[in-house]
Amino acid sequence: MKALIMNTHYIVFAGILMLMVIGLFGALTKRNLIKILIALGILDTGINLFFIAIGYVTGKTAPIFSKQGLSSGNMVDPVPQALVLTAIVIGVAVLALGLSIVIRVYEHYGTLNVSKIKKMRG
Amino acid sequence: MKKPGLKKRLRVKNIFVFLIVLYFGFQMFSVISFLDLNNVKGVAKYYLENDIKDTQSANVVTSIVVNYRGFDTLGEVTVLFLAATGLGAILSGHRKVKKQKILANTMLQYGSKPLLAIVILFGAYIFIHGHLSPGGGFQGGTVIATGFLMMLLALEGYEIKHGYVKWTESLAGLTFVTVGLIGLVLLGSFLANFLPLGKVGDLFSAGVIPIIYVAVGFKVGSELTGLLDNMMGVIE
Numbered sequence: 000m001k002a003l004i005m006n007t008h009y010i011v012f013a014g015i016l017m018l019m020v021i022g023l024f025g026a027l028t029k030r031n032l033i034k035i036l037i038a039l040g041i042l043d044t045g046i047n048l049f050f051i052a053i054g055y056v057t058g059k060t061a062p063i064f065s066k067q068g069l070s071s072g073n074m075v076d077p078v079p080q081a082l083v084l085t086a087i088v089i090g091v092a093v094l095a096l097g098l099s100i101v102i103r104v105y106e107h108y109g110t111l112n113v114s115k116i117k118k119m120r121g
Numbered sequence: 000m001k002k003p004g005l006k007k008r009l010r011v012k013n014i015f016v017f018l019i020v021l022y023f024g025f026q027m028f029s030v031i032s033f034l035d036l037n038n039v040k041g042v043a044k045y046y047l048e049n050d051i052k053d054t055q056s057a058n059v060v061t062s063i064v065v066n067y068r069g070f071d072t073l074g075e076v077t078v079l080f081l082a083a084t085g086l087g088a089i090l091s092g093h094r095k096v097k098k099q100k101i102l103a104n105t106m107l108q109y110g111s112k113p114l115l116a117i118v119i120l121f122g123a124y125i126f127i128h129g130h131l132s133p134g135g136g137f138q139g140g141t142v143i144a145t146g147f148l149m150m151l152l153a154l155e156g157y158e159i160k161h162g163y164v165k166w167t168e169s170l171a172g173l174t175f176v177t178v179g180l181i182g183l184v185l186l187g188s189f190l191a192n193f194l195p196l197g198k199v200g201d202l203f204s205a206g207v208i209p210i211i212y213v214a215v216g217f218k219v220g221s222e223l224t225g226l227l228d229n230m231m232g233v234i235e
């Protein structure tokens, strides 16, 4: 805990954890399917930010050799950035897939409430 | 009679869930405090130090995505393809309603047409310069898809030609796999670099990285465009 408070960007982590907690809470307690998907989107954003924040090193630059004299010792961790790069696009596609399933569910049952759908038959 | 009881039970459950989620948050917080956030080490250190020697790509993130972990990226593009295809399959047979409730005004209708060309140019710039600047196929493809989203929202009855989208997507995916297979045939491993590396900072450098990233850009752009087209106009 001490090392965390020494670190200058612990407040960033607090915000990220808040996003993740809000997303998880929403996904577990909401009854509306679209609200559940929104909560999952918030959780997704929180996790992506979490990866990026872990890779960040205070005072170092982006991992791009954009000008002469930049050494590899002055750069932040590139691996989380590479992972998040693809995760964002895939997150969008998966969210769209989920929304399309929600459209079909609404057509079939006439409601978006999960509790009501559970009670129905067929 | 039943309803208040159900609601109360839900509220009690919500408090439980809230406490559990809060506990999860604290656990995450304690995990973070154990992390060493002041050094880059392990495989990341190797990537940073050997990037210029191995790939001559100025952007280390690009060389990880396309070169060191190129096979992983092929898998991720496949996941994207499956999501887009699944969405098309789920929403197939929908009667599309292309009427807008209120027509977009004239400025928007005529302004969006030249803007589409500029947006596509910008997206192409982003994915062609993926190995030199903070950009790449995924970002450029997304920018292109936003251009088509603008057209779908601004113009009534705007249609994206499915044939072109499918052909672009297939050819881009085929290019990715073909480049990988040529590496397999010539150098003995999938996605091996068989082109001259050039000098770091040049447009034609970094071997196969620009080719693959342009293919990824076209693939992501056409997939997201098709996805948007499937999602548009399904409300009846």
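Protein sequence lines, in the order shown, are assigned to chains Z and R.
Quick note, the first sequence lines up with residues 0 to 121 if you use numbering that gives the first Met the number 0.
Quick note, the second sequence lines up with residues 0 to 235 if you use numbering that gives the first Met the number 0.
Even for Gly, the Cβ is constructed at its ideal location relative to N, Cα and C.
Cut-off 6 Å between Cβ atoms - residues of its own chain near residue i, not counting five sequence neighbours on either side
| i | result |
| --- | --- |
| V104 of chain Z | none |
| V16 of chain R | none |
| G216 of chain R | F126, G136, G139, G140 |
| L248 of chain R | Lying before the first or after the last residue shown, residue 248 of chain R is absent from chain R, which here runs from 0 to 235. |
| I116 of chain Z | Y108 |
Same chain, Cβ closer than 7 Å to residue i, five either side skipped, listed in chain order
| i | result |
| --- | --- |
| M231 of chain R | L151 |
| Y157 of chain R | M150, L151 |
| L98 of chain Z | L36 |
| F50 of chain Z | P79, L82, V83 |
| S114 of chain Z | R30 |
| T177 of chain R | none |
| L223 of chain R | G140, T141, A144 |
| N73 of chain Z | K59, T60 |
| V78 of chain R | none |
Distance between beta carbons of residue j and residue i, contact taken as under 8 Å
| i | j | result |
| --- | --- | --- |
| T141 of chain R | V88 of chain Z | 6 Å |
| I63 of chain Z | A57 of chain R | 6 Å |
| M19 of chain Z | G45 of chain Z | 4 Å |
| V75 of chain Z | V56 of chain Z | 5 Å |
| G206 of chain R | P195 of chain R | 7 Å |
| L73 of chain R | F175 of chain R | 6 Å |
| P133 of chain R | A61 of chain Z | 6 Å |
| I208 of chain R | H128 of chain R | I208 of chain R to H128 of chain R, Cβ: 11 Å. No contact. |
| Y46 of chain R | P77 of chain Z | 6 Å |
| A82 of chain R | L96 of chain Z | 5 Å |
Proximity to residue i [Cα-Cα], best of the options
| i | options | result |
| --- | --- | --- |
| L16 of chain Z | R:L18, R:I14, R:K12, R:Q26 | R:Q26 |
| S221 of chain R | R:K160, R:A153, R:V59 | R:K160 |
| L190 of chain R | R:F70, R:R10, R:L21 | R:F70 |
| K218 of chain R | R:L34, R:F80, R:V42 | R:F80 |
| I53 of chain Z | R:F33, R:I125, R:T72, R:G200 | R:F33 |
| G238 of chain R | R:G122, R:G134, R:Y163, R:E75 | Any answer about residue 238 of chain R is impossible in this case: the structure gives chain R only from 0 up to 235. |
| E155 of chain R | R:F126, R:A88, R:G136, R:T105 | R:T105 |
| L48 of chain Z | Z:L32, Z:G68, Z:G72, Z:A81 | Z:A81 |
| I111 of chain Z | Z:G68, Z:V93, Z:I33, Z:L42 | Sequence inspection shows Leu at residue 111 of chain Z; the Ile mentioned does not correspond to that position. Measuring from the Cα of L111 of chain Z, the nearest candidate turns out to be Z:I33. |
| V11 of chain R | Z:L23, Z:T28, Z:A38, Z:L42 | Z:T28 |
| G122 of chain R | R:F137, R:G110, R:L131 | R:F137 |
| G197 of chain R | R:K44, R:T174, R:D53, R:Y46 | R:D53 |
| Y124 of chain R | R:V213, R:V76, R:L18 | R:V213 |
| K100 of chain R | R:A153, R:N49, R:I127, R:T77 | R:A153 |
| F12 of chain Z | R:I14, R:I19, R:I31 | R:I31 |
| L173 of chain R | R:G139, R:D201, R:Y22, R:I211 | R:I211 |
| G14 of chain Z | R:N13, R:I14, R:G24, R:K44 | R:G24 |
| E106 of chain Z | R:Y109, R:Q108, R:I89 | R:I89 |
| L202 of chain R | Z:K118, Z:G25, Z:S65 | Z:S65 |
| V76 of chain R | Z:P77, Z:V93, Z:S71 | Z:V93 |
| N13 of chain R | Z:G58, Z:K117, Z:A26 | Z:A26 |
| I10 of chain Z | R:F28, R:V20, R:I19 | R:F28 |
| A43 of chain R | R:R68, R:A103, R:L102 | R:R68 |
8 Å Cβ cutoff, residue i in contact with chain C
| i | result |
| --- | --- |
| R103 of chain Z | You won't find chain C in this structure, because its protein chains are Z and R. |
Own chain, CB closer than 8 Å to residue i, minus 5 neighbours either side, in chain order
| i | result |
| --- | --- |
| L86 of chain R | L226, N229, M230 |
| V101 of chain Z | L32, I33, L36, L111 |
| I23 of chain Z | First, the amino acid is wrong: residue 23 of chain Z is Leu here, not Ile. These residues qualify, in order along the chain: A38, L42. |
| N49 of chain R | none |
| Q55 of chain R | L196, G197, K198, V199, S204, A205, G206 |
inquiry  = My parser needs the alpha helix (DSSP H) runs of 4 or more residues fully inside the region 102 to 130 of chain R; what are they?
reply    = The region 102 to 130 of chain R contains these whole alpha helix (DSSP H) runs: 105 to 127.
*asked:* Under 8 Å: do the region 142 to 157 of chain R and the region 110 to 124 of chain R share three or more Cβ pairs, one atom per stretch?
replied: Output reads yes: the region 110 to 124 of chain R touches the region 142 to 157 of chain R.
Meets three-Cβ-pair contact criterion under 8 Å: the region 59 to 67 of chain R and the region 167 to 179 of chain R: The region 59 to 67 of chain R vs the region 167 to 179 of chain R: no contact.
Ignoring anything shorter than 4 residues or poking outside the region 59 to 111 of chain Z, list the alpha helix (DSSP H) runs there in chain order.
-> If we require 4 residues or more, the alpha helix (DSSP H) runs fully inside the region 59 to 111 of chain Z come out as 77 to 108.
Are the region 34 to 43 of chain R and the region 175 to 183 of chain R touching by the rule of at least three beta carbon pairs closer than 8 Å? As far as the Cβ criterion goes, the region 34 to 43 of chain R does not touch the region 175 to 183 of chain R, which means the pair count is below three.
### Message
Report the start-end ranges of each beta strand (DSSP E) in the region 140 to 180 of chain R that is 3 residues or longer and not cut off at the edges.
### Response
List check, beta strand (DSSP E) in window: nothing returned.
**Prompt:** What runs of the alpha helix (DSSP H), each 4 residues or longer, lie entirely inside the region 41 to 96 of chain R?
**Reply:** Here the runs fully enclosed are 42 to 54, 69 to 89.
**Message:** Quick check on the DSSP output: what are the complete alpha helix (DSSP H) runs of length 4 or more inside the region 174 to 234 of chain R, in order along the chain?
**Reply:** Runs of the alpha helix (DSSP H) inside the region 174 to 234 of chain R: 208 to 230.
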